[in-house]
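Report on the structure given below.
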Amino acid sequence: LSHKTFNKMTRSYKNNRRTRLQNSGTSSLFEALELVQKDKARLEKDVRRLTRKIHNLNSDLKRLIDSNGQQEAYINDIEQKLKLLEMIRKQQEERIKSLENEKEVIIDRERRNNEQL
């Protein structure tokens, strides 16, 4: 398949899917779940990136502490950055948990609505 053909087929599929969702009245549910999933994926990517940074900073810190005490200011700076990054990572992990809970609430609400029908 050429790139254009593939894009056209993908667009067509998405449009058909969107039409089906709108006709079935569940579009907002799927859109909400999709947004939650996108946010969760983005935050998980950030957490992985921050984990790598923290690991690298920890390695730098150990290397500096082992070398000598002349670079005290730099060590303190790295320690502060490390604490800040760990705090940000924890916040984003909490946000991921929150998004997972939000997803469950959406699914439960939709399940209850379907049971009432």
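For the sequence shown, this note's numbering gives the first residue as 471, with consecutive numbering after it. Cβ atoms here follow ideal geometry from the backbone N, Cα and C, with glycine treated the same way. Quick caveat, the model's predicted, so the values are computed rather than measured.
Between the Cα of PHE500 and the Cα atoms of LYS515, LEU569, ASP547 and ILE576, which residue gives the shortest distance?
ILE576
My output table needs one value for ASN584: the three-state DSSP class, helix, strand or coil.
helix
Do the CB positions of ARG565 and VAL517 come within less than 7 Å of each other?
no
For MET557 and LEU569, what's the separation of their Cα atoms in angstroms?
18 Å
Compare the beta carbon distance of ASP536 and ILE548 with 7 Å and say whether it is the shorter of the two.
no
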